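Enquirer: These protein sequences, in sequence, are chains Z and E. Quick note: the first sequence uses my numbering, first residue 10, plus one each step. Quick note: the second sequence uses my numbering, first residue 11, plus one each step. This structure is in structure tokens; I'll ask about it shortly.
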Amino acid sequence: VSAPRDPHEFNLFDSEFARCPQPVYARMNAECPVSRQALTGTPIIARYEDVLFALRHPEIFSSEMELQMALGTERPMIPQQIDPPAQTRYRKLLDPHFSRKRMAALEPALRAQANALIDRFEADGRCDFDPAFAIPLPCSAFLSLLGLPQSDLELFLRLKNGIIRPALDRYDPESALRIRKESGRQIYAYFEALIDERRARPRDDLMSELVRLGPEGEGLSRNELLDICFLLLLAGLDTVTATLGCNVAYLAANPVQRRRLVEDPGLIPDAVEELLRWETPVAGVPRVVKRSVTLGGVTLREGELVTLLLGASNVDAGEFEEPERVDFERARNRHLAFGGGPHRCLGSHLARMELRVALEEWHRRIPDYALEPGATPRYSPGIREVMHLPLVWPA
Amino acid sequence: VACVKVSVDRARCVGHGRCYELAPEVFGEDERGHARPLHEEVAPGHEAQARRAERNCPERAIAVEG
Numbered sequence: 010v011s012a013p014r015d016p017h018e019f020n021l022f023d024s025e026f027a028r029c030p031q032p033v034y035a036r037m038n039a040e041c042p043v044s045r046q047a048l049t050g051t052p053i054i055a056r057y058e059d060v061l062f063a064l065r066h067p068e069i070f071s072s073e074m075e076l077q078m079a080l081g082t083e084r085p086m087i088p089q090q091i092d093p094p095a096q097t098r099y100r101k102l103l104d105p106h107f108s109r110k111r112m113a114a115l116e117p118a119l120r121a122q123a124n125a126l127i128d129r130f131e132a133d134g135r136c137d138f139d140p141a142f143a144i145p146l147p148c149s150a151f152l153s154l155l156g157l158p159q160s161d162l163e164l165f166l167r168l169k170n171g172i173i174r175p176a177l178d179r180y181d182p183e184s185a186l187r188i189r190k191e192s193g194r195q196i197y198a199y200f201e202a203l204i205d206e207r208r209a210r211p212r213d214d215l216m217s218e219l220v221r222l223g224p225e226g227e228g229l230s231r232n233e234l235l236d237i238c239f240l241l242l243l244a245g246l247d248t249v250t251a252t253l254g255c256n257v258a259y260l261a262a263n264p265v266q267r268r269r270l271v272e273d274p275g276l277i278p279d280a281v282e283e284l285l286r287w288e289t290p291v292a293g294v295p296r297v298v299k300r301s302v303t304l305g306g307v308t309l310r311e312g313e314l315v316t317l318l319l320g321a322s323n324v325d326a327g328e329f330e331e332p333e334r335v336d337f338e339r340a341r342n343r344h345l346a347f348g349g350g351p352h353r354c355l356g357s358h359l360a361r362m363e364l365r366v367a368l369e370e371w372h373r374r375i376p377d378y379a380l381e382p383g384a385t386p387r388y389s390p391g392i393r394e395v396m397h398l399p400l401v402w403p404a
Numbered sequence: 011v012a013c014v015k016v017s018v019d020r021a022r023c024v025g026h027g028r029c030y031e032l033a034p035e036v037f038g039e040d041e042r043g044h045a046r047p048l049h050e051e052v053a054p055g056h057e058a059q060a061r062r063a064e065r066n067c068p069e070r071a072i073a074v075e076g
């Protein structure tokens with residue numbers, strides 16, 4: 010007989026929760042704005058106002074934590090795992106290279122890459138969306154951004170997976186860390202060589218621009234450059250992959266909404282925002298409490314690791330009208346899918362462009378698709394990647 | 011005719027970019043992608059844009075008056 014379930018405990022790593030988290034979020038927002046992780050007991054902050062407060066106060070909710078080294082890095086990733094004021098210097102250097110204007114320059118190449126992927130399977134009338142489209146497209150964008158050859162796509166997917174999903178027959182933390190560290194070493198080595206190459210022969214790409222920022226004066230040291238590259242690889246690929254999967258799974262299951270996007274592609278930018286709110290594929294972000302603080306009636310103690318549950322904030326009725334309705338014409342949408350405060354996602358303008366272009370090209374080419382009859386999409390916990398999403402359409 | 015004024019709280023703006031996306035006649039961006047009003051006074055006909063930007067700023071950095 011299992012023990013009675015504590016109503017204030019939730020398992021964020023449950024696959025059913027990953028598939029359909031919104032009803033759980035609603036319960037958290039209504040009944041326990043600060044709950045606990047079932048396995049670790051660490052606090053989960055749900056409500057919009059509380060999460061926004063935490064995001065805006067890095068002096069209380071720090072991004073500098075021991076946990077970061079579990080990903081095979083030798084130092085914190087820049088700027089994500091560094092607090093202001095040091096973080097501010099990095100953002101001032103990096104933000105101009107990730108502005109909406111800069112990202113627009115990558116759009117034509119990305120549109121061509123999306124179409125090249127669709128060319129491969131359109132006539133089949135079926136595909137598994139994750140490996141066929143959602144995984145390779147953001148990797149292509151990453152390669153274009155850094156000025157790397159598209160032929161390195163498989164290599165990058167392998168290195169990234171070695172960190173995020175170490176291939177093991179049976180998971181054990183020690184072997185996982187060993188694989189992560191080995192992948193980490195290969196990533197460092199690849200970027201070390203790239204830094205040298207671009208320093209010797211600069212080109213018109215982001216890597217050359219970053220190298221030009223250092224190492225003299227206000228520029229970036231070699232280690233700083235490596236720690237930025239590591240972040241771009243780990244934060245820029247899976248997140249967009251997961252968002253594409255969540256969006257297309259939603260649209261496959263909701264043909265009336267999909268039909269509207271097919272008939273009026275001008276709605277796609279607003280649909281991207283609303284689906285970011287509703288799906289919030291990066292469901293939560295970690296912070297460590299620097300000094301005791303009371304939030305949602307609960308005192309958080311210094312040193313506690315907390316999860317800011319962006320997904321729950323994004324369906325909080327205190328912030329959103331009819332939060333359970335997916336409304337592409339929502340008048341007020343201040344969602345926190347990209348976080349907020351000083352750590353607002355560095356790549357948000359790139360991600361938005363990728364999502365818009367992908368949905369535009371997909372629906373132009375394959376307007377009538379459905380989940381394969383009898384299939385069940387499978388969502389990974391943490392970052393909600395739809396790892397199994399078989400789609401069919403009239404070929 | 012009363013005129014509508016906009017401002018961006020630079021201490022709050024972190025560059026989400028919703029305002030210059032939704033209200034390109036009212037807001038522009040600096041080098042970092044942080045928002046700035048193109049003019050303090052909103053040109054006639056663009057008031058709805060300005061208010062839409064205000065309603066969609068996650069940082070509550072935009073004020074529309076008048």
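Note that CB positions come from ideal geometry on N, CA and C, so glycine has one too. For clarity, every value in this text was computed on a predicted model and none was experimentally measured.
Tell me whether the region 339–350 of chain Z and the region 314–327 of chain Z touch, counting them as touching only if at least three CB pairs, one residue from each stretch, are closer than 8 Å.
Expert: The region 339–350 of chain Z, when compared against the region 314–327 of chain Z, does touch it at the 8 Å Cβ threshold.
Enquirer: At 3 residues or longer, and completely inside the region 131–209 of chain Z: list those beta strand (DSSP E) runs for me, N to C.
Expert: 135–137, all fully within the region 131–209 of chain Z.
Enquirer: With DSSP run on the structure shown, which of helix, strand or coil describes Z:Val-33?
Expert: Note: Z:Val-33 maps to helix in three-state DSSP.
Enquirer: Find the nearest neighbour of Z:Asp-325 within the set Z:His-344, Z:Asp-336, Z:Pro-94, Z:Leu-309, judged by alpha-carbon distance.
Expert: Per the Cα distances, Z:His-344.
Enquirer: If I measure Cβ to Cβ from Z:Arg-65 and keep anything under 6 Å in the same chain, skipping five residues before and after, which residues do I get?
Expert: Closer than 6 Å at the Cβ level, and outside the excluded window around Z:Arg-65, lie Gly-350.
Enquirer: What does DSSP give as the partner residue(s) for Z:Arg-296 in the beta ladder?
Expert: In DSSP, Z:Arg-296 forms a bridge with Z:Val-315.
Enquirer: Name, in chain order, the residues that DSSP records as bridge partners for E:Glu-39.
Expert: DSSP, once it has assigned bridges, lists E:Ala-45 as partnering E:Glu-39.
Enquirer: Would you mind giving the Cβ-Cβ distance between Z:Leu-359 and Z:Ala-118, rounded to the nearest angstrom? I have them listed as a contact below 8 Å.
Expert: That pair is no contact at about 12 Å.
Enquirer: For Z:Arg-109 and chain E, any beta-carbon pair shorter than 7 Å?
Expert: Answer yes: the Cβ-Cβ gap between Z:Arg-109 and chain E drops below 7 Å somewhere.
Enquirer: With a Cβ-Cβ cutoff of 7 Å, do Z:Trp-287 and Z:Val-335 count as a contact?
Expert: It is a contact, given that the beta carbons lie within the stated cut-off.
Enquirer: What's the gap between the Cα of Z:Gly-312 and the Cα of Z:Val-265?
Expert: Whole-angstrom Cα-Cα distance: 48 Å.
Enquirer: Look up E:Glu-64 in the DSSP assignment and say whether it is helix, strand or coil.
Expert: E:Glu-64 falls in the helix class under three-state DSSP.
Enquirer: Excluding five sequence neighbours on each side, which residues of the same chain lie with their C-beta closer than 8 Å to the C-beta of E:Glu-50?
Expert: Same-chain partners within the cutoff: Lys-15, Val-16, Ser-17.
Enquirer: So if DSSP puts Z:Ala-379 in a beta bridge, which residue, or which two residues, is it bridged to?
Expert: Paired residues: Z:Val-401.
Enquirer: Just the C-alpha distance for Z:Asp-247 and E:Leu-32, rounded to the nearest angstrom, thanks.
Expert: Near 27 Å, if we compare the C-alpha coordinates of E:Leu-32 and Z:Asp-247.
Enquirer: Alpha carbon to alpha carbon, how far is Z:Gly-293 from Z:Phe-22? Give it in angstroms, no decimals.
Expert: Whole-angstrom Cα-Cα distance: 11 Å.
Enquirer: Select from Z:Tyr-57, Z:Arg-189, Z:Asp-236, Z:Ile-375 the residue whose C-alpha is nearest the C-alpha of Z:Pro-85.
Expert: Selected option, being the one with the closest Cα: Z:Asp-236.
Enquirer: What do you get for Z:Glu-272, buried or exposed, if any count of 16 or more other CB atoms within 10 angstroms of its CB means buried?
Expert: Flag for Z:Glu-272 reads exposed.
Enquirer: Shorter than 7 Å from the beta carbon of Z:Gly-349 to some beta carbon of chain E?
Expert: Z:Gly-349 counts as touching chain E.
Enquirer: Should E:Glu-41 be flagged as near chain Z, meaning a C-beta pair shorter than 7 Å?
Expert: Yes, its Cβ sits closer than 7 Å to a Cβ of chain Z.
Enquirer: Would you call the region 117–135 of chain Z in contact with the region 228–244 of chain Z, where contact means no fewer than 3 C-beta pairs closer than 8 Å?
Expert: Touching, no.
Enquirer: What residues in its chain sit with their C-beta under 7 Å from that of Z:Ser-192, if we drop five residues either side in the sequence?
Expert: Taken in chain order, the residues that qualify are Gly-81, Leu-168, Gly-171, Ile-172.
Enquirer: When the distance is taken between beta carbons, is Z:Ala-27 closer than 7 Å to Z:Pro-390?
Expert: It is a contact, given that the beta carbons lie within the stated cut-off.
Enquirer: Can you tell me which of Z:Ala-258, Z:Ser-357, Z:Ile-277 puts its alpha carbon nearest to the alpha carbon of Z:Leu-398?
Expert: Of the candidates Z:Ala-258, Z:Ser-357, Z:Ile-277, the one whose C-alpha sits nearest the C-alpha of Z:Leu-398 is Z:Ala-258.
Enquirer: My output table needs one value for E:Val-52: the three-state DSSP class, helix, strand or coil.
Expert: In the structure shown, E:Val-52 sits in coil (DSSP, three-state: anything other than H, G, I, E or B).
Enquirer: Taking Z:Arg-393 as the reference, which of Z:Asn-256, Z:Ala-209, Z:Ala-379 has the closest Cα?
Expert: For the residues Z:Asn-256, Z:Ala-209, Z:Ala-379, the minimum Cα distance to Z:Arg-393 belongs to Z:Asn-256.
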